[in-house]
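Asks:
Residue numbers (our numbering), protein chains in the order written: chain Y, 1 to 175; chain S, 1001 to 1197.
Structure below.
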């Protein structure tokens, strides 16, 4: 368990250290470059604000109106057989479809179940280990005008499902 | 996609709340939603700026290029048909390294370049080739050393240990990628009606 925690906490400092040292070694203006990137970061983050407002509205309404609870209640018997926490079902469904949508749902789940709770950890791991599959396929296929995608969606969704199941099992194991 | 999903969410939950008399909760959540979106964005701002800055440094160095050689054996396994094609393999590995490092902004253009090069070799221009399918699956599996966005969200919600999910994420990502590659191989075999590049 200690080694897992160590690896988790050493990853970010190591990557930053490596990159800064690499920049210095190649005699770049490291700080100026950093500022350029950071300014881009402001733009990226602020540009998703309107999306987040819209999605938080929709997801907040789903929860406060009781619809979400109802859906979870209906799905619970099936999910219990699979040993999958029903609170995570909305995230599992939305994750491959919408990037900002799944950010909003994951944040909502982490807030309601506790960010450091088991559910919160699983939600985080799902977010980190899967992609907005449909978007990725659409971008890559449409840039070269591909029309027949040969059921690539099945393989990509299989990867997502595997990632979601793996996230659940791993977090249950180490908690 | 959200043009369909968003109105459905709104219509269902708003009408459900009106019919079930759950209006007070709904009204509260309407105001809360704008507040939480803004506070999340502000909290994300710091981490995202920091990370974009670090990644900008990385993309100005030859780090990505130097790391690509470690992928050579893996690429030969995943893309047997591209074994002799150094140019495409280079583009694919640049995209993969950029993804692994979390250079999302750099990864997509590199990936599109690789797709265009693969299209030149493709015999049926309107259909994905075997190599393209494998490439897309690897991109959707999102192998990433540092899941920055999640860490930023976690720290904004006051997590005691925002990076604790890094290791579990690696394992889950690798499992997702392996399953994706495996299923892609099967799909490639099953859809092999005619020749694909």
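Glycine residues also receive a C-beta, built at the ideal position from the N, C-alpha and C atoms.
In terms of DSSP beta bridges, what is residue 1127(S) paired with?
Replies: On the second chain, position 127 is the one that residue 1127(S) refers to. DSSP lists 148(Y) as partners of residue 1127(S).
Asks: Which residues mark the beginning and the end of the alpha helix (DSSP H) in which residue 1142(S) is found?
Replies: In the second chain, counting from the first residue as 1, residue 1142(S) sits at position 142. No alpha helix (DSSP H) contains residue 1142(S), which DSSP labels as neither H nor E.
Asks: Taking a cut of 8 Å between CB atoms, which residues from the stretch 73–89 of chain Y lie near chain S?
Replies: Listed by position, the residues of the stretch 73–89 of chain Y near chain S (Cβ gap below 8 Å) amount to none.
Asks: Could you name the residues of chain Y that residue 1175(S) contacts, counting a contact when the two beta carbons are closer than 7 Å?
Replies: As a working note, residue 1175(S) is residue 175 in the second chain. Going along chain Y in sequence order, the residues near residue 1175(S) (Cβ under 7 Å) are 162, 163 and 166.
Asks: Going by the beta-carbon positions, is the gap between residue 1191(S) and residue 148(Y) smaller than 7 Å?
Replies: Your numbering for residue 1191(S) matches position 191 in the second chain. Your numbering for residue 148(Y) matches position 148 in the first chain. For residue 1191(S) and residue 148(Y), no; Cβs fall outside 7 Å.
Asks: Tell me the DSSP secondary structure of residue 113(Y) in three-state form.
Replies: Locating residue 113(Y) in the first chain gives position 113, counting from the first residue. Helix.
Asks: Show which residues of chain Y have a CB atom less than 7 Å away from the CB atom of residue 1098(S).
Replies: Translated into the one-based positions of the second chain, residue 1098(S) becomes position 98. Those do not exist, as residue 1098(S) stays about 13 Å from chain Y at its closest Cβ, beyond 7 Å.
Asks: Chain Y partners of residue 1172(S), CB-CB under 7 Å?
Replies: The residue given as residue 1172(S) occupies position 172 in the second chain. Those are 125, 129, 163, 166, 167 and 170, listed as they occur along chain Y.
Asks: At 7 Å on the CB atoms, spell out the chain Y contacts of residue 1016(S), in chain order.
Replies: In the second chain, the residue the question calls residue 1016(S) occupies position 16. Simply 65, 66 and 67.
Asks: Determine the extent of the alpha helix (DSSP H) in which residue 1180(S) is found, giving its start and end residues.
Replies: Your numbering for residue 1180(S) matches position 180 in the second chain. Here the alpha helix (DSSP H) through residue 1180(S) covers 1166–1190.
Asks: Below 9 Å on C-beta distance, what does residue 1094(S) contact in chain Y?
Replies: For the purposes of this step, residue 1094(S) is identified with residue 94 of the second chain, where counting begins at 1. In chain order: nothing, as chain Y lies at least about 15 Å away.
Asks: Straight-line CA distance for residue 1062(S) to residue 1084(S)?
Replies: Sequence index remark: in the second chain, residue 1062(S) carries index 62 (1-based). Sequence index remark: in the second chain, residue 1084(S) carries index 84 (1-based). Rounded to the nearest angstrom, the two C-alpha atoms are 24 Å apart.
Asks: Under 7 Å between C-beta atoms, does residue 21(Y) make it to chain S?
Replies: As a working mapping, residue 21(Y) is identified with position 21 in the first chain. Taking Cβ atoms only, chain S never reaches closer than 7 Å to residue 21(Y), which makes this a no.
Asks: Near residue 1176(S), what residues of its chain come up, given a Cβ to Cβ distance below 7 Å and the 5 sequence neighbours on each side ignored?
Replies: Mapped onto the second chain, residue 1176(S) falls at position 176. Excluding sequence neighbours, residue 1176(S) sits near 1141.
Asks: Quick test of the definition: if touching needs 3 or more C-beta pairs under 8 Å, does the stretch 29–43 of chain Y touch the stretch 1040–1054 of chain S?
Replies: Touching, yes.
Asks: Quick check on residue 1139(S): buried or exposed, where buried means 16 or more other Cβ atoms within 10 Å of its Cβ?
Replies: Counting from one through the second chain, the residue named residue 1139(S) turns up at place 139. Buried, by the Cβ-count rule.
Asks: Kindly provide the ranges of any alpha helix (DSSP H) runs that are 4 or more residues long and lie completely inside the stretch 43–88 of chain Y, ordered along the chain.
Replies: Runs found: 49–64 and 67–81.
Asks: Just how far apart, CA to CA, sit residue 154(Y) and residue 1183(S)?
Replies: In the first chain, the residue the question calls residue 154(Y) occupies position 154. In the second chain, the residue the question calls residue 1183(S) occupies position 183. When rounded, the distance between both Cα atoms is 8 Å.
Asks: Please tell me whether residue 20(Y) and residue 59(Y) are closer than 7 Å, where the distance is taken between their beta carbons.
Replies: The sequence position of residue 20(Y) within the first chain is 20, counting from 1. The sequence position of residue 59(Y) within the first chain is 59, counting from 1. No, the pair does not count as a contact, with Cβ atoms beyond the cut-off.
Asks: Report yes if the C-beta distance between residue 134(Y) and residue 96(Y) is below 7 Å; otherwise report no.
Replies: Taking the first chain and counting its residues from 1, one reaches residue 134(Y) at position 134. Taking the first chain and counting its residues from 1, one reaches residue 96(Y) at position 96. Taking 7 Å as the Cβ cut-off, residue 134(Y) and residue 96(Y) qualify as a contacting pair.
Asks: In chain order, what residues of the same chain lie with their CB nearer than 7 Å to the CB of residue 1059(S), ignoring the 5 residues before and after it?
Replies: For the purposes of this step, residue 1059(S) is identified with residue 59 of the second chain, where counting begins at 1. Taken in chain order, the residues that qualify are 1103 and 1106.
Asks: Which residues, taken in chain order from the stretch 9–20 of chain Y, show a beta carbon closer than 7 Å to some beta carbon of chain S?
Replies: So the close ones are 9, 11, 12, 15, 16, 19 and 20.
Asks: Helix, strand or coil for residue 1157(S) per DSSP?
Replies: Sequence index remark: in the second chain, residue 1157(S) carries index 157 (1-based). DSSP places residue 1157(S) in coil when its eight states are reduced to three.
Asks: Would the stretch 7–24 of chain Y count as touching the stretch 1148–1164 of chain S if we require 3 or more Cβ pairs under 8 Å?
Replies: Taking 8 Å as the limit for Cβ pairs, the verdict is that the stretch 1148–1164 of chain S does touch the stretch 7–24 of chain Y.
Asks: Is residue 1197(S) helix, strand or coil by DSSP?
Replies: As a first step, residue 1197(S) must be located in the second chain, where it is residue number 197. For residue 1197(S), the predicted structure reports a pLDDT of 48, less than 50, and the residue's modelled location is therefore unreliable. A value from the coordinates is still provided. Coil, per DSSP.
Asks: For chain S, check one thing: does any of its Cβ atoms lie closer than 7 Å to the Cβ of residue 62(Y)?
Replies: Counting from one through the first chain, the residue named residue 62(Y) turns up at place 62. Residue 62(Y) counts as touching chain S.
Asks: How many Å lie between residue 1092(S) and residue 73(Y) at the Cα?
Replies: Locating residue 1092(S) in the second chain gives position 92, where the first residue counts as 1. Locating residue 73(Y) in the first chain gives position 73, where the first residue counts as 1. Taking the straight line from one Cα to the other gives about 45 Å.
Asks: Among residues of its own chain, excluding the 5 on either side of residue 1196(S), which ones have a beta-carbon nearer than 6 Å to its beta-carbon?
Replies: Counting from 1 along the second chain, the entry for residue 1196(S) is found at position 196. With a pLDDT of 49 at residue 1196(S), under the threshold of 50, the predicted position of this residue should be treated as unreliable, though the coordinate-derived value follows. Cβ within range, chain order: 1129 and 1130.
Asks: In angstroms with no decimal places, state the Cα-to-Cα distance between residue 1189(S) and residue 141(Y).
Replies: Translated into positions along the second chain, residue 1189(S) becomes position 189. Translated into positions along the first chain, residue 141(Y) becomes position 141. So the alpha carbons of these two residues sit roughly 20 Å apart.
Asks: Should residue 1197(S) be flagged as near chain Y, meaning a C-beta pair shorter than 7 Å?
Replies: If you number the second chain from 1, residue 1197(S) lands on position 197. Any reading at residue 1197(S) must be qualified, since the residue scores a pLDDT of 48, below 50, and its modelled position is unreliable; no value is offered.
Asks: Reducing DSSP to helix, strand and coil, say where residue 1062(S) ends up.
Replies: Position 62 of the second chain, counting from 1, holds the residue named residue 1062(S). Three-state DSSP puts residue 1062(S) in coil, outside helix and strand.
Asks: Below 7 Å on C-beta distance, what does residue 1184(S) contact in chain Y?
Replies: The residue you call residue 1184(S) lines up with position 184 of the second chain. Those are 155, listed as they occur along chain Y.
Asks: Could you tell me which chain Y residues have their CB closer than 8 Å to the CB of residue 1107(S), listed as they occur along the chain?
Replies: Locating residue 1107(S) in the second chain gives position 107, counting from the first residue. Neighbours of residue 1107(S) on chain Y: none; closest Cβ ~10 Å, over 8 Å.
Asks: Name the two residues that bound the continuous alpha helix (DSSP H) containing residue 1089(S).
Replies: Locating residue 1089(S) in the second chain gives position 89, counting from the first residue. 1086–1101 is the span of the alpha helix (DSSP H), which, as asked, contains residue 1089(S).
Asks: Give the interface partners of residue 1160(S) over in chain Y, defined as CB-CB distance under 8 Å, in chain order.
Replies: The residue labelled residue 1160(S) in the question sits at position 160 within the second chain. Those are 116, listed as they occur along chain Y.
Asks: Ordered along the chain, which non-local residues of its own chain (more than five positions away) have a Cβ less than 6 Å from that of residue 1180(S)?
Replies: Taking the second chain and counting its residues from 1, the one referred to as residue 1180(S) is at position 180. Taken in chain order, the residues that qualify are 1137 and 1141.
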